[in-house]
Amino acid sequence: MASNNSGRQNRLTVPEAKQAMNNMKFEIANELGVNLKQGYNGDLTSRENGYVGGYMVKRMIEQQERSMMGK
Numbered sequence: 001m002a003s004n005n006s007g008r009q010n011r012l013t014v015p016e017a018k019q020a021m022n023n024m025k026f027e028i029a030n031e032l033g034v035n036l037k038q039g040y041n042g043d044l045t046s047r048e049n050g051y052v053g054g055y056m057v058k059r060m061i062e063q064q065e066r067s068m069m070g071k
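For the sequence shown, the UniProt record's numbering assigns the number 71 to the last residue and increments by one with no breaks.
In structure tokens, the structure reads:
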């Protein structure tokens, strides 16, 4: 059974944010002790990658909540 995302790549809604997202990803990976590097990271486990991605989402939600509160 094919998924609905078949053949699609993750794309940013705002392409200009790509560098900021990459910076955040490396900053969070560093904070969590995940050895993320430029280029190929196939040696990382799914758990490590998920950990970084999860914290990215958590931080973006926190930033949006602060923004909504006017801080």
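Virtual Cβ for every residue (Gly too), placed ideally from N, Cα, C.
- 7 Å or more divides the Cβ of Met-60 from the Cβ of Ile-28.
- Going by DSSP, Gly-70 is part of no alpha helix (DSSP H) at all; its letter is neither H nor E.
- Rounded to the nearest angstrom, the gap between the Cα atoms of Ser-46 and Gln-38 is 17 Å.
- The three-state secondary structure of Arg-59, taken from DSSP, is helix.
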